[in-house]
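UniProt numbering numbers the first residue of the sequence shown as 1 and each following residue consecutively.
Taking it in order: structure first as structure tokens, then the write-up.
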Amino acid sequence: MGWLDRVEDQVDALRRARALQEVSRSAEACALLDRVIRTTDDPCTRADALVQRLSALINLGRTAEFTRAIEEASAAVRDLAEPYLHGHLNALAALAAHHQGALDRCVSHLVRAARALGADDDPDRDTAWGWHDLAMAYSYLSFHGHALGAIERARQVGLTAGIPEETFAAPGIRLRNAVALDHNGDSDGCLRVLRDVAGDLARFLRAGRAGSLRPSSLAAYGYAAARRAALGDRVEAGGDADPARLIGHGGDSARARDLRQLGQVCLAVAEGRPIEAVTRLDTIQVSDETLGAAEAPRLRSIALARAGDHAAAHRADRHAFRLAAQRSDRLRDVYIDGIAARIDHEEMRREAARYEGEALTDPLTGLPNRRRLERYIGAVVARGERVVIGVCDLDGFKAVNTRHGHHSGDLVLQRIAGVINRVMRRGDFVSRYGGDEFVVVLPETGMAEAVEVARRIQAAVHTEDWESLVPGTPVGVSIGFAEVDGASGVSVREALGAAFELADREMLRAKDRLRAS
Numbered sequence: 001m002g003w004l005d006r007v008e009d010q011v012d013a014l015r016r017a018r019a020l021q022e023v024s025r026s027a028e029a030c031a032l033l034d035r036v037i038r039t040t041d042d043p044c045t046r047a048d049a050l051v052q053r054l055s056a057l058i059n060l061g062r063t064a065e066f067t068r069a070i071e072e073a074s075a076a077v078r079d080l081a082e083p084y085l086h087g088h089l090n091a092l093a094a095l096a097a098h099h100q101g102a103l104d105r106c107v108s109h110l111v112r113a114a115r116a117l118g119a120d121d122d123p124d125r126d127t128a129w130g131w132h133d134l135a136m137a138y139s140y141l142s143f144h145g146h147a148l149g150a151i152e153r154a155r156q157v158g159l160t161a162g163i164p165e166e167t168f169a170a171p172g173i174r175l176r177n178a179v180a181l182d183h184n185g186d187s188d189g190c191l192r193v194l195r196d197v198a199g200d201l202a203r204f205l206r207a208g209r210a211g212s213l214r215p216s217s218l219a220a221y222g223y224a225a226a227r228r229a230a231l232g233d234r235v236e237a238g239g240d241a242d243p244a245r246l247i248g249h250g251g252d253s254a255r256a257r258d259l260r261q262l263g264q265v266c267l268a269v270a271e272g273r274p275i276e277a278v279t280r281l282d283t284i285q286v287s288d289e290t291l292g293a294a295e296a297p298r299l300r301s302i303a304l305a306r307a308g309d310h311a312a313a314h315r316a317d318r319h320a321f322r323l324a325a326q327r328s329d330r331l332r333d334v335y336i337d338g339i340a341a342r343i344d345h346e347e348m349r350r351e352a353a354r355y356e357g358e359a360l361t362d363p364l365t366g367l368p369n370r371r372r373l374e375r376y377i378g379a380v381v382a383r384g385e386r387v388v389i390g391v392c393d394l395d396g397f398k399a400v401n402t403r404h405g406h407h408s409g410d411l412v413l414q415r416i417a418g419v420i421n422r423v424m425r426r427g428d429f430v431s432r433y434g435g436d437e438f439v440v441v442l443p444e445t446g447m448a449e450a451v452e453v454a455r456r457i458q459a460a461v462h463t464e465d466w467e468s469l470v471p472g473t474p475v476g477v478s479i480g481f482a483e484v485d486g487a488s489g490v491s492v493r494e495a496l497g498a499a500f501e502l503a504d505r506e507m508l509r510a511k512d513r514l515r516a517s
């Protein structure tokens, strides 16, 4: 029994919304889902409609609405024991995070999506679409191997559920793989992949199954052909495989619109109109996320070379290469940070195991909580070591909760925890004290060194990309330090209390200086 068989209200409307999105009529689907959300009292219906609505918003490119839509869908899905819903929601949230430029959140959602979809014991056509959207998210993040594995899962589950193979042809996945090769200097590899994509389309056309291809797939096939032509490959015009006709498909999808505009640039190059191609690039607006930030500069390089301006073509090509390298660097940093966080988590888990039966970890951030902080400082002071504590209080956090909701506030706290952890020295200790306050402990450290630690924390927080997470709401941190006096005969709790009070006063003075500046 599939997921929708267990939904009791407005099932026909939910099925209709799915069908509309499959043929790239997401605006109509969104309006239909809004009516369902307003009129249903069934929690399963509401959850399904909110997840579908998030999908429609992503298709339409309505980025400003992503955060709220994820919050509402997450709240509706949270208490439902349905792996498909959790998996599909996380796959969509990964896509949204990617479009917002939040790669760390994107990777976290990808992991959760794969685990939830893999745990579905009764996969149906909805589960197949969940795997499809997960494959898309992998692809946009340039995890091409994972994307191909996920789309194969979608195809297998879909065939079992009666979905034709060509529905999950997903040429966009291999198209993004191809252009990524070209951005990194492997044009021959790019052409090999694009020719394979063309071979699949030819096979579907020969079998008379092209009518089952989704409009977004047709647009991707069209761009793949146009891109081959721009690189000098011979591409037949006219007929069902004509790239000029294919790139006109895609309905109201924002990604298809980008492919259409970039495809017209490619065709202008292929047809001997390179100056027109450059002019088009100067006037169009496409998302960097559709085919990567390097695609437009790379097309500019191809057009300028065809026009004979090889110096300008070389500059554009180097720009494209740098953009592709920056993307790889960001992915590498996310990967390294993820490994570091996993190691920190393992060490923290082993430490916490010493105190059986007691909660020593903050459940939101994974950091040590106040009780563990006190135990740690007690052990340091008992060893006679010098120790400085710092109170870190977020600036702008109230505005985050007010403007963007508590889910976004939780995401900010999680990211702050990661930022602080990342810049601390080996042997330092970080905990969440409560609310939006964090405490750092610096063993064998004086106040002069503490000032440098504060500078590093504030610089790291300042350079974080808060605009993509909480648009229009800057986030900062004020810090105050004090030394714990463990030699005056008072208890550890009293010494910590006195030091915390002094550090808290220093932190408030820092806030006052910030407001006055």
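Heads up, the beta-carbon is just placed ideally off N, CA and C, and yes, glycines get one too.
Keep in mind that this is a model prediction, so the values were computed, not measured.
With respect to the C-alpha of leucine 514, the residue from Leu201, Ala76, Arg403 and Gly396 having the closest C-alpha is Gly396.
Contact check for alanine 316 against proline 297 passes: the beta carbons are separated by less than 7 Å. Nearest in C-alpha terms to alanine 277, of all of Arg300, Leu4, Glu289 and Arg255, is Arg300.
Proline 215 is a Cβ neighbour of histidine 249, given a cutoff of 7 Å. For lysine 511, same chain residues with a beta-carbon under 6 Å away, outside a window of 5 residues either side, are Ser478 in chain order.
When the beta-carbon positions are compared, alanine 76 and leucine 57 stay at least 7 Å from each other.
In the displayed model, isoleucine 479 falls within a strand according to three-state DSSP.
Within the stretch 234-262, no run of beta strand (DSSP E) at least 3 residues long lies entirely inside it. Under the DSSP definition of a beta bridge, aspartate 393 partners with Glu437 and Ser478. The stretch 278-285 makes no contact with the stretch 236-251: fewer than 3 CB pairs, one atom from each, lie closer than 8 Å. Around the beta carbon of glutamate 289, a 10 Å sphere encloses 16 or more other beta carbons of the protein chains shown; the residue is thus reported as buried. Assignment of proline 171 by DSSP, reduced to helix, strand and coil, places it in the helix class.
Secondary structure note for serine 74: its alpha helix (DSSP H) is the uninterrupted segment 66-77. The stretch 197-207 makes contact with the stretch 222-236, as at least three CB pairs between them are under 8 Å. Contact between the stretch 460-475 and the stretch 363-377 is not established, with fewer than three Cβ pairs separated by less than 8 Å. Between the alpha carbons of valine 484 and threonine 67 lies a gap of roughly 42 Å. Among the bridge pairs identified by DSSP, phenylalanine 429 is matched with Val441. The Cβ atoms of glutamate 166 and arginine 209 lie closer than 7 Å to each other.
Taken in chain order, the complete alpha helix (DSSP H) segments of 4 residues or longer contained in the stretch 140-214 are 144-160, 171-183 and 187-206. By the criterion of a C-beta distance shorter than 7 Å, glutamate 271 is surrounded by no residue of its chain, once the five residues flanking it on both sides are discounted.
In the same chain as arginine 386, and ignoring 5 residues on each side of it, the C-beta atoms closer than 8 Å to its own belong to Pro443, Glu444, Thr445, Gly446 and Glu483, in chain order. Nearest C-alpha to alanine 230 among Asp504, Leu304, His98 and Ile173: Leu304.
In the three-state scheme derived from DSSP, where H, G and I count as helix and E and B as strand, proline 83 is classed as helix.
Non-local C-beta neighbours of asparagine 90 in its own chain, meaning closer than 6 Å and more than five positions away in sequence, comprise His109, Arg112 and Ala113, ordered along the chain. For the set Arg192, Ser217 and Val193, the Cα lying nearest the Cα of phenylalanine 204 is the one of Ser217.
Ranking Ala27, Ala256, Val388 and Gly239 by CA distance to the CA of glycine 497 puts Val388 first. In this structure alanine 128 is in contact with valine 157, their Cβ atoms being roughly 4 Å apart against a cut-off of 8 Å. For threonine 473, the three-state secondary structure derived from DSSP is coil. The way I'd put it, the stretch 144-161 doesn't touch the stretch 184-191; fewer than three beta-carbon pairs between them come closer than 8 Å. In this structure, alanine 93 sits away from glutamine 52, with a CB-CB distance that is not shorter than 7 Å. When DSSP states are grouped into helix, strand and coil, threonine 40 belongs to the coil group.
Look at proline 123 here: in three-state DSSP terms it is coil, with no helix or strand label.
Of the candidates Asn59, Leu33 and Leu262, Leu33 places its Cα closest to the Cα of leucine 50. With contacts defined as CB atoms closer than 7 Å, threonine 40 and glutamine 10 qualify as a contacting pair. Per the C-alpha coordinates, the member of His406, Leu181 and Val400 positioned closest to alanine 294 is Leu181.
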